[in-house]
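Below: the structure, in structure tokens.
Protein chains: 2
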Amino acid sequence: MKREELVANIRRKKSFLCVGLDSDIKKIPAHLQQEEDAIFLFNKAIIDATQAYCVAYKPNLAFYESLGAKGWLALEKTVKYIKENYPDQFIIADAKRGDIGNTSQLYARSFFEHLDVDAITVAPYMGEDSVTPFLGYKGKWVILLALTSNKGSHDFQLIEDVNGKRLFENVIEKSSQWASSDEMMYVVGATQGKMFEDIRKVAPNSFLLVPGVGAQGGSLEEVAKYGMIDSCGLLVNSSRGIIFASQGEDFAEAAGREAKKLADQMAQLLG
Amino acid sequence: MKREELVANIRRKKSFLCVGLDSDIKKIPAHLQQEEDAIFLFNKAIIDATQAYCVAYKPNLAFYESLGAKGWLALEKTVKYIKENYPDQFIIADAKRGDIGNTSQLYARSFFEHLDVDAITVAPYMGEDSVTPFLGYKGKWVILLALTSNKGSHDFQLIEDVNGKRLFENVIEKSSQWASSDEMMYVVGATQGKMFEDIRKVAPNSFLLVPGVGAQGGSLEEVAKYGMIDSCGLLVNSSRGIIFASQGEDFAEAAGREAKKLADQMAQLLG
Numbered sequence: 004m005k006r007e008e009l010v011a012n013i014r015r016k017k018s019f020l021c022v023g024l025d026s027d028i029k030k031i032p033a034h035l036q037q038e039e040d041a042i043f044l045f046n047k048a049i050i051d052a053t054q055a056y057c058v059a060y061k062p063n064l065a066f067y068e069s070l071g072a073k074g075w076l077a078l079e080k081t082v083k084y085i086k087e088n089y090p091d092q093f094i095i096a097d098a099k100r101g102d103i104g105n106t107s108q109l110y111a112r113s114f115f116e117h118l119d120v121d122a123i124t125v126a127p128y129m130g131e132d133s134v135t136p137f138l139g140y141k142g143k144w145v146i147l148l149a150l151t152s153n154k155g156s157h158d159f160q161l162i163e164d165v166n167g168k169r170l171f172e173n174v175i176e177k178s179s180q181w182a183s184s185d186e187m188m189y190v191v192g193a194t195q196g197k198m199f200e201d202i203r204k205v206a207p208n209s210f211l212l213v214p215g216v217g218a219q220g221g222s223l224e225e226v227a228k229y230g231m232i233d234s235c236g237l238l239v240n241s242s243r244g245i246i247f248a249s250q251g252e253d254f255a256e257a258a259g260r261e262a263k264k265l266a267d268q269m270a271q272l273l274g
Numbered sequence: 004m005k006r007e008e009l010v011a012n013i014r015r016k017k018s019f020l021c022v023g024l025d026s027d028i029k030k031i032p033a034h035l036q037q038e039e040d041a042i043f044l045f046n047k048a049i050i051d052a053t054q055a056y057c058v059a060y061k062p063n064l065a066f067y068e069s070l071g072a073k074g075w076l077a078l079e080k081t082v083k084y085i086k087e088n089y090p091d092q093f094i095i096a097d098a099k100r101g102d103i104g105n106t107s108q109l110y111a112r113s114f115f116e117h118l119d120v121d122a123i124t125v126a127p128y129m130g131e132d133s134v135t136p137f138l139g140y141k142g143k144w145v146i147l148l149a150l151t152s153n154k155g156s157h158d159f160q161l162i163e164d165v166n167g168k169r170l171f172e173n174v175i176e177k178s179s180q181w182a183s184s185d186e187m188m189y190v191v192g193a194t195q196g197k198m199f200e201d202i203r204k205v206a207p208n209s210f211l212l213v214p215g216v217g218a219q220g221g222s223l224e225e226v227a228k229y230g231m232i233d234s235c236g237l238l239v240n241s242s243r244g245i246i247f248a249s250q251g252e253d254f255a256e257a258a259g260r261e262a263k264k265l266a267d268q269m270a271q272l273l274g
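Residue numbers (the numbering used here), protein chains in the order written: chain A, 4 to 274; chain B, 4 to 274.
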């Protein structure tokens, strides 16, 4: 999906919500767990109930890999279902991949050709030749980890170099030479609050994928205040807060309700 | 597998070779490509032909994921085959994972419980709580990226902090507070040559997983000269140089021959 389409979807739906499909088999409602196709059935119901309120879905690969081959099948079916029924949804494979060149090329093939998602999250540690194989696919995006939402983000991402530049700033500055803001986004955790001002100094025009609202405690208002730009430039993700809002038979309605709550707040913030 | 077992296997076999099962479907011999189970059949033949000369196997997940669910099945069968037939082999899932705590926990479950390998490679960018969920599994290992074999390793891994400490040194120093050298190793590329001296200053007793000999041009002699310790402390990996030594019907014999060559050199270096 091209940037203009994504921005148009955000304006039309008055939402920049991304729903995280972290569909942990151990947490989905009991009445589904017995089904052969439990994860897919769960995802399908969640998607149908939330699609009106969001512009993106983000399955995190860990939750599918934990089931081995069966999990991959559920993921493939989920992506296919979204593409066939809600083609205006932006699909992000949250995979945090990154390897030497010939290997990253293979990952790119998996995610952009085989699975055919719009974007993949990539870890920057291995540098340019681990990232660039994901670039150059028409309408596809790399979403590079910059300043993540977890406590461990402080361990290395904030290390200052001799010029006082922190690692996440080095990552953004260097990587913005590899790709334009039409094909690269950055992950910045909602828990980082005022740091979004610093992010906007080095990534003034980039879309940011923002996890950490909800279960992780980040503030949507702060993210919008310090991170929003003219073209919105934000995809704010909530996973557990939406998909596990209820673990009873009403799980899908509850998810829809939570997604709508966030979308209503977003509509206000978009003004 | 415990450290003492690994060291004992290295001494008994006089080899610290790891064979990388980067079994790209597009590169395996033509006569196998038509088979339903092509990747597994290829791996099985390679393993049978090389097991006498190596102490470890390292499937890189990218090559399996590129085939979706089918690839995962091939991976599962491969791991099972090694464990049943050659239980003294150390199996490394080269996955370079790393995510927020609850997600890394899921990855740990996938690799250590479901797939049941001995070790997984992990990317350090997200810090402590992205790494520690992989720790504490008895006899299982985290292999953390430190100084990788690719050109892009220079982009971020060598950035000096205000005290002149480079990022890879920060990664090793900090992470060695999270786990002992009985359950954490580091990835250091064979292409880094003399840098192994610097690595040994911060990781004097750790095992190092060393890719980059062969196709990537690293020198085994240099690695041993600057990186070997009393308990060897090295697992040197070759992938393409062994498994694609021939792409004809003699691929397995050719792989065995290349593995033996490296093992013979290693026997000399072990003295």
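Beta carbons: idealized from backbone N, C-alpha and C, even for Gly.
- Inclusion of Asn240 of chain B and Gly259 of chain B in the CB contact set at 9 Å is not warranted, their separation being larger than that value.
- DSSP, read as helix, strand or coil, puts Trp75 of chain A in helix.
- The shortest CA-to-CA distance from Leu150 of chain A to any of A:Pro136, A:Asp132, A:Tyr140, A:Leu170 is the one to A:Leu170.
- The beta carbon of Met269 of chain B sits no closer than 9 Å to any beta carbon of chain A.
- Taking 9 Å as the CB threshold, Lys263 of chain B stays off the interface with chain A.
- Annotation note: the segment 209–246 of chain B contains the following uninterrupted beta strand (DSSP E) runs of length 3 or greater, listed N- to C-terminal: 211–213, 237–241.
- Within the segment 89–151 of chain A, complete alpha helix (DSSP H) segments of at least 4 residues are found at 104–111, 131–134, given in chain order.
- Close partners of Ala65 of chain A in chain B (Cβ separation under 8 Å): Arg100, Asp102, Thr106, Ser107, Leu109, Tyr110, Ser113.
- For Tyr67 of chain B, the enclosing alpha helix (DSSP H) has its first and last residue at 65–68.
- In the three-state scheme derived from DSSP, where H, G and I count as helix and E and B as strand, Ala59 of chain A is classed as strand.
- Beyond the five residues adjoining it in sequence on each side, Ile13 of chain B comes within less than 6 Å, by CB distance, of Phe19, Val58, Cys235 in the same chain, given in chain order.
- Asp185 of chain B counts as exposed, since fewer than 16 other beta carbons sit within 10 angstroms of its beta carbon.
- In this structure Gln219 of chain B is buried. Its beta-carbon is surrounded by 16 or more other beta-carbon atoms within 10 angstroms.
- Beta-bridge partners of Leu161 of chain B (DSSP): none assigned.
- Beta bridge pairing from DSSP links Tyr189 of chain B with B:Leu147, B:Leu211.
- In chain A, no part has a C-beta under 8 Å from the C-beta of Phe137 of chain B; the shortest such distance is about 12 Å.
- In the structure shown, the three-state DSSP call for Gly259 of chain B is helix.
- Sequence-distant partners of Ser242 of chain A (beyond 5 residues in either direction) whose C-beta falls short of 8 Å from its own C-beta, in its chain, are Val22, Gly23, Leu24, Asp25, Lys61, Asn63, Pro214, Gly217, Ala218.
- Among the residues of chain A, none has a CB under 7 Å from the CB of Phe45 of chain B; the nearest is roughly 16 Å distant.
- Setting aside the 5 residues that flank it on each side, Glu252 of chain B is surrounded in the same chain by Pro32, His34, each with a C-beta closer than 8 Å to its C-beta; the list follows chain order.
- In this chain, the beta strand (DSSP E) harbouring Gly23 of chain B covers 20–24.
- By the neighbour-count definition (other C-beta atoms within 10 Å, threshold 16), Ser183 of chain A is an exposed residue.
- Taking a contact to require three or more Cβ pairs closer than 8 Å, the segment 102–114 of chain A and the segment 73–93 of chain A do not qualify as touching.
- A distance below 6 Å between beta-carbons, with the five flanking residues on each side excluded, links Leu161 of chain B to the following residues of its chain, in chain order: Arg169.
- Within the segment 116–131 of chain B, those residues whose Cβ lies closer than 8 Å to any Cβ of chain A are, in chain order, His117, Leu118, Ala126, Pro127, Tyr128, Met129, Gly130, Glu131.
- Contact annotation for Asn88 of chain B against chain A: no contact, minimum CB-CB distance about 21 Å [criterion: below 8 Å].
- Just so you know, the alpha carbons of Phe247 of chain B and Ala248 of chain A end up roughly 50 Å apart.
- In its chain, beyond the 5 residues on either side, Ile28, Ile42, Ala77 have a beta carbon closer than 8 Å to the beta carbon of Leu70 of chain B.
- In this structure Val134 of chain A touches Pro127 of chain A by the C-beta definition: roughly 7 Å separates them, less than 8 Å.
- Here Ser179 of chain B has Met187, Val205, Ala206, Ser209 as same chain residues with Cβ atoms under 8 Å from its own Cβ, once five neighbours each way along the sequence are excluded.
- Against chain B, the beta carbon of Glu172 of chain A has no neighbour under 7 Å; the closest one sits roughly 11 Å away.
- DSSP lists B:Glu163 as the bridge partner or partners of Arg169 of chain B.
- In the DSSP assignment, Gln36 of chain A falls within the unbroken alpha helix (DSSP H) covering 33–36.
- In this structure Val125 of chain B is buried. Its beta-carbon is surrounded by 16 or more other beta-carbon atoms within 10 angstroms.
- Judged by beta-carbon spacing, Lys30 of chain A lies beyond the 9 Å limit of Ala266 of chain A, meaning their Cβ atoms are not closer than that value.
- For Leu76 of chain B, at least one C-beta of chain A is nearer than 9 Å to its own C-beta.
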